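Report on one structure; see the data block that follows.
Printed below as a string of structure tokens:
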């Protein structure tokens, strides 16, 4: 087991990782920018290293700064949290070159699942249910229109490198396909530096349900139930709950087994999340795989009693999973709600404002 790890993040998730590391007897190193000099995660950690100016692009997103901090403090491994460098394969490779362990999946798995077109190809090969669509090169708007006609309306046009709802357009007609294709490509290019898009059948009024998986380096893999994330605005999750009030045991098992099959197909080693859309008849289709710890992971921890951060650390240290699928039981119900700065009087448009009162929830 590691003696010391560095958390390459800030705020809530950094505190979350530090809490588990402390429970495991592992020393922690925090990193901080100018803006976070007095942040809670800096106070919680055993040691802290300044890594640059306030802008994330000059601090938390600079691999060289993270590696230098590891060397300065003797950290053997890095937990990336979520966001920032958590899904950057090149960061994993840079750590490997320095003999530092990345607490997460291998670069190959990150790359395979980070590209939506490639991930769907892996899913198809692993016999995971996918939405009917076109995963080849789309030459132009006319070609997109032809593909949409063959698939059948409505269709969804998506950026291959997309995320967070960017580079997505729903089209109900030829005209909307032409407009949506151009807009999706442009948005994908500006947001991700990659203008590749694909087209698939749009599932009307779907539920968004994701499966939590764990896999180690010894061939063991299992699923920890689901999280329902159907309440969204602008393709951003608002409420996450576990278990889903919609799924039955049979569908849960089928989704879990397909998620494990996909994890095995890409030699996944860590905690990961396989996202699905589910129609009213409980037919489910692969959406994407997130190769990191999810923001909403605590709802799974609360209903299973399994510390996902601890499992990630143990897997990265080379340990075998100590739990089997038969050990996983869902007990109770948990919900997480995200707080957004929005104006409810103007159709919930994103809005800035002053936070005048805040009372953190009490921990049980």
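In the numbering used here, the protein residues as written are 20 to 383.
Here a beta-carbon is modelled for each residue, glycine too, at the ideal position from N, C-alpha and C.
Model, not experiment: these values are computed from the prediction.
For residue 291, the secondary structure class from DSSP, reduced to helix, strand or coil, is strand. Beyond the five residues adjoining it in sequence on each side, residue 289 comes within less than 6 Å, by CB distance, of 123, 124, 331, 334 in the same chain, given in chain order. Under the three-state reduction of DSSP, residue 23 is assigned to strand.
With respect to the C-alpha of residue 279, the residue from 61, 40, 291, 152 having the closest C-alpha is 291.
Contiguous alpha helix (DSSP H) elements confined to the segment 119–189 occur at 126–133, 135–144, 160–170, taking only those with 4 or more residues. Take the alpha-carbon of residue 328 and the one of residue 312: they are about 8 Å apart.
Put simply, of 304, 103, 105 the residue whose alpha carbon is nearest the alpha carbon of residue 227 is 304. Shown here, residue 100 sits in coil according to DSSP, grouped into three states, outside any helix or strand.
Membership of residue 275 in any beta strand (DSSP E) is not indicated; the residue belongs instead to the alpha helix (DSSP H) covering 268–284. In the DSSP assignment, residue 319 falls within the unbroken alpha helix (DSSP H) covering 316–323. Counting only the Cα atoms, residue 241 lies some 6 Å from residue 232. Around the Cβ of residue 371, a 10 Å sphere holds fewer than 16 other Cβ atoms; the residue is exposed.
With at least 16 other beta carbons inside 10 angstroms of its own, residue 25 counts as buried. DSSP places residue 344 within a helical segment (H, G or I) once states are collapsed to three.
The three-state secondary structure of residue 82, taken from DSSP, is helix. If you look at residue 210, you'll find it in the alpha helix (DSSP H) that goes 193–211.
A direct Cα-to-Cα measurement between residue 380 and residue 256 gives close to 20 Å. For residue 37, the enclosing alpha helix (DSSP H) covers residues 30–42. It is roughly 26 Å from the alpha-carbon of residue 342 to the alpha-carbon of residue 264. Less than 7 Å divides the Cβ of residue 66 from the Cβ of residue 92. Per DSSP, the continuous alpha helix (DSSP H) segment holding residue 109 begins and ends at 108–116.
Under DSSP, residue 216 takes part in a beta bridge, and its partners are 178. The alpha-carbon of residue 297 is positioned some 5 Å away from that of residue 225.
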